[in-house]
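**Q** Sending over a structure as structure tokens; questions will come in a sec.
Chains as they are written, first to last, in the numbering used here: chain A, 44 to 364; chain B, 32 to 298.
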């Protein structure tokens with residue numbers, strides 16, 4: 044039987060998450076190594092127009108589950124539709140982004156299909172006819188290589204861990220029959236901050252810790268805005284109530300891997316270091332030259348963050364002309 | 032208008048994990064961690080689950096049961112939850128040396144739950160050791176009940192539960208009929224400490240110890256996970272970099288931006 048890879052896209056308000064392009068690119072790479080086809084499944088309402096571009100990212104086929112009942116993510120309705128598609132398509136590999144939604148779908152599907160799942164993969168390779176995924180454990184303190192028994196092998200890949208690669212494929216659109224089946228969960232309402240860069244997907248993260256001394260993060264907000272980045276926080280800053288839990292970077296918060304991580308007034312507790320040490324470049328700004336964060340930072344500035352950070356913003360403004 | 036007050040039977044899925052301040056080392060077998068110097072605690076997200084369960088019980092009446100899969104050592108974590116105020120514990124013993132993947136754990140939990148009455152099941156969004164984010168939703172799936180994950184606020188009324196779920200960039204409010212499972216996100220509550228009287232009382236509370244065969248599962252099948260760890264490694268050690276020079280803060284800031292822009296090309 045022909046092998047195949049199925050990628051599951053994720054869109055919100057008519058835009059695909061960045062991790063959708065990453066999982067699609069990773070899916071294409073796996074499909075090429077396996078010598079097989081890659082299909083992408085898009086769920087939502089009136090999604091045909093936005094889905095056309097997915098061929099450019101390597102999709103041979105674009106499956107549309109386009110239905111008003113799928114306009115908002117509902118754990119049971121989405122799991123039912125995705126499971127139907129998997130039962131019809133019988134892919135060997137299912138790949139999706141380890142976003143809040145992706146993790147939710149992956150977990151439920153693994154039980155529905157009795158299928159192996161590797162959550163939060165930072166790398167995937169196909170060797171000797173076998174997939175090996177590398178996934179993060181202990182909040183980034185440990186990396187585990189895992190293999191799978193049975194199909195489909197479900198890979199939820201961590202945002203910012205895979206390169207987005209263009210690969211022009213036909214991307215033929217096929218509309219599928221949507222049956223959400225029996226569902227119990229109802230959508231009531233949502234509050235989304237539009238235009239905010241998601242912490243786990245940001246190229247640049249500017250984080251503040253205890254050294255912030257209070258809830259005024261405006262210096263960090265300004266720098267992050269100039270860099271089109273996101274603002275993060277250490278656990279101390281969250282525990283103090285200065286920032287929301289959604290901003291927390293670390294073993295009990297989010298693990299981030301941006302290109303550039305700027306730690307401001309963060310001493311560098313082991314839990315925090317685990318959550319950001321996979322960043323490409325780390326900059327630390329701290330008054331205390333003995334702060335552990337400096338031992339992990341590529342570049343350090345000893346000094347008052349309230350003085351330094353605005354000056355960095357000024358320098359960047361000059362750079363941007 | 033308030034609906035008829037109905038007691039809520041709550042089960043918390045709890046895992047004992049290494050405290051997050053622990054340094055994690057890899058054992059000689061290359062596929063497990065060194066456990067010698069580890070301090071074991073309740074998974075922080077499960078601690079939120081215990082607290083939320085107690086608050087639901089305080090508001091509606093009912094009972095809080097703690098269900099865990101793990102080695103005998105996990106009794107300590109269950110005892111802590113009982114000291115916080117939970118009513119009873121159930122531990123399904125996982126034989127030493129056998130590693131359960133998330134799916135296996137969910138199978139064991141859901142099988143055990145067939146014998147336990149519940150309206151609400153609360154789990155942590157993930158355990159901070161395996162970081163699987165899998166056990167809660169998978170357990171709900173095996174039980175055929177709905178789930179809502181990453182919850183920072185919940186309300187129960189008239190046999191329904193309304194949950195505020197955190198997503199990228201905000202929150203979504205979802206509602207489900209009971210019985211249902213939800214998973215906790217930081218921000219949902221501030222877990223209480225066990226009081227001294229609580230600790231004394233906990234010593235007399237029942238903990239039911241079972242093994243896989245007691246609940247009708249074949250231990251041999253459980254020992255064969257679908258996702259298998261073949262090797263563990265620690266991430267590449269980051270080295271201390273350079274401190275940016277400068278006579279003034281202004282100079283330091285300028286030098287940093289210059290390096291990030293010209294040498295590292297991170298800006």
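Ideal Cβ positions, reconstructed from N, Cα and C, are used throughout, including at glycine.
What first and last residue would you give for the beta strand (DSSP E) that runs through residue 208 (chain B)?
**A** Start and end: 201-208.
**Q** Nearest by alpha-carbon distance to residue 58 (chain A): which of A:238, A:256 and A:255 is it?
**A** For residue 58 (chain A), the nearest C-alpha among the options comes from A:238.
**Q** Give the straight-line distance between the Cα atoms of residue 62 (chain A) and residue 102 (chain A), rounded to the nearest whole angstrom.
**A** Going by the C-alpha atoms only, they are around 15 Å apart.
**Q** Straight-line CA distance for residue 105 (chain A) to residue 219 (chain A)?
**A** Spanning the two alpha carbons is a distance of roughly 10 Å.
**Q** Nearest chain B C-beta to residue 180 (chain A) closer than 8 Å, yes or no?
**A** Yes - at least one Cβ of chain B is within 8 Å of the one on residue 180 (chain A).
**Q** Comparing C-alpha positions only, which one of A:109, A:302 and A:196 sits nearest to residue 138 (chain A)?
**A** Here the closest residue by C-alpha is A:196.
**Q** How about residue 61 (chain A): is its C-beta nearer than 8 Å to some C-beta of chain B?
**A** Answer no: the Cβ-Cβ gap between residue 61 (chain A) and chain B never drops below 8 Å.
**Q** With a 10 Å radius around its C-beta and 16 neighbouring C-beta atoms as the bar for buried, classify residue 70 (chain B) as buried or exposed.
**A** Answer is exposed; the Cβ neighbour count stays below 16.
**Q** Hey, does residue 287 (chain B) have any beta-carbon neighbour from chain A nearer than 8 Å?
**A** Yes, residue 287 (chain B) lies at the interface with chain A (some Cβ there is under 8 Å from its Cβ).
**Q** Within 10 angstroms of its Cβ, does residue 44 (chain A) collect 16 or more other Cβ (buried), or is it exposed?
**A** Its pLDDT being 48, under 50, residue 44 (chain A) is placed unreliably in this model, and the value from its coordinates should be taken loosely. Answer is exposed; the Cβ neighbour count stays below 16.
**Q** Contact defined as beta carbons within less than 8 Å: I believe residue 240 (chain A) pairs with residue 273 (chain A). What is the distance between those atoms, to the nearest angstrom?
**A** Indeed they touch by this definition, with Cβ atoms about 4 Å apart.
**Q** Scan the stretch 79-99 of chain B for residues whose Cβ lies nearer than 7 Å to a Cβ of chain A and list them as they occur along the chain.
**A** From the stretch 79-99 of chain B, no residue has a Cβ closer than 7 Å to chain A.
**Q** Can you list, in chain order, the residues of the stretch 329-354 of chain A whose Cβ is nearer than 9 Å to any Cβ on chain B?
**A** Of all residues in the stretch 329-354 of chain A, 332, 337, 338, 339, 340, 341, 342, 343, 344, 345, 346, 347, 350, 351, 352, 353 and 354 have a Cβ within less than 9 Å of some Cβ in chain B.
**Q** Just checking my contact of residue 82 (chain B) with residue 150 (chain B) at CB under 8 Å: how many whole Å lie between their CB atoms?
**A** Incorrect: roughly 18 Å between the Cβ atoms, too far for contact.
**Q** Within this structure, are the beta carbons of residue 206 (chain A) and residue 162 (chain B) separated by less than 8 Å?
**A** Result no, Cβ atoms of residue 206 (chain A) and residue 162 (chain B) do not sit closer than 8 Å.
**Q** Report the option in B:47, B:107, B:189 and B:114 whose CA atom is closest to the CA atom of residue 226 (chain B).
**A** Comparing Cα positions, the closest option is B:114.
**Q** Between residue 298 (chain B) and chain A, is any beta-carbon pair separated by less than 8 Å?
**A** Cβ-Cβ to chain A under 8 Å: yes for residue 298 (chain B).
**Q** Just the Cα atoms here: how many angstroms apart are residue 128 (chain A) and residue 284 (chain A)?
**A** About 44 Å.
**Q** With C-beta atoms as the reference, is residue 77 (chain A) less than 8 Å away from residue 191 (chain A)?
**A** No; because the gap between Cβ atoms is not below 8 Å, this pair is not in contact.
**Q** Where do the ends of the beta strand (DSSP E) carrying residue 83 (chain A) lie?
**A** Its beta strand (DSSP E) spans residues 80-87.
**Q** Report all residues from its chain with a CB closer than 8 Å to the CB of residue 220 (chain B); omit the five preceding and five following residues, and keep chain order.
**A** These residues qualify, in order along the chain: 79, 82, 83 and 86.
**Q** If you measure beta-carbon to beta-carbon, which residues of the stretch 143-160 of chain A are closer than 9 Å to chain B?
**A** Residues 143, 144, 146, 147, 148, 149, 150, 151, 152, 153, 154, 155, 157, 158, 159 and 160.
**Q** Using 8 Å as the limit for Cβ to Cβ distance, is residue 163 (chain B) near chain A?
**A** Interface residue, yes.
**Q** In chain order, what residues of the same chain have a beta carbon less than 7 Å from the beta carbon of residue 157 (chain B), not counting five sequence neighbours either side?
**A** The answer, listed in chain order, is 76, 163 and 164.
**Q** Determine which residues share a DSSP beta bridge with residue 312 (chain A) and list them.
**A** Residue 312 (chain A) is not bridged to any residue.
**Q** Could you pull out every residue in the same chain whose Cβ sits closer than 8 Å to the Cβ of residue 141 (chain A), ignoring the five residues on either side in sequence?
**A** The answer, listed in chain order, is 62, 149, 162, 163, 164, 199, 200, 201 and 202.
**Q** Check residue 116 (chain A) in the structure and name its three-state DSSP category.
**A** Reduced to three states, the DSSP call for residue 116 (chain A) is coil.
**Q** So if I threshold CB-CB distances at 8 Å, which residues from the stretch 228-240 of chain A count as touching chain B?
**A** Result list: 228, 229, 230, 231, 232, 233, 234, 235, 236, 237 and 239.
**Q** Any idea what DSSP makes of residue 93 (chain A), helix, strand or coil?
**A** Here residue 93 (chain A) sits in helix by DSSP.
**Q** Is DSSP giving residue 242 (chain B) helix, strand or coil here?
**A** In this structure, residue 242 (chain B) counts as strand in the three-state DSSP scheme.
**Q** Is the shortest distance between the beta-carbon of residue 173 (chain B) and the beta-carbons of chain A less than 8 Å?
**A** Closer than 8 Å to some Cβ of chain A, the Cβ of residue 173 (chain B) qualifies, so yes.
**Q** Based on Cα-Cα distance, which residue from A:47, A:204, A:53 and A:329 lies nearest to residue 321 (chain A)?
**A** Comparing Cα positions, the closest option is A:204.
**Q** Where does the unbroken alpha helix (DSSP H) through residue 155 (chain A) begin, and where does it stop?
**A** 143-156 is the span of the alpha helix (DSSP H), which, as asked, contains residue 155 (chain A).
**Q** Using CA atoms only, rank isn't needed, just tell me which of A:85, A:363 and A:47 is closest to residue 216 (chain A).
**A** The shortest Cα separation from residue 216 (chain A) among A:85, A:363 and A:47 belongs to A:85.
**Q** Which chain A residues sit within Cβ distance under 7 Å of residue 271 (chain B)?
**A** Simply 337 and 338.
**Q** Which residue comes first and which comes last in the alpha helix (DSSP H) that contains residue 352 (chain A)?
**A** That run of the alpha helix (DSSP H) goes 348-362.
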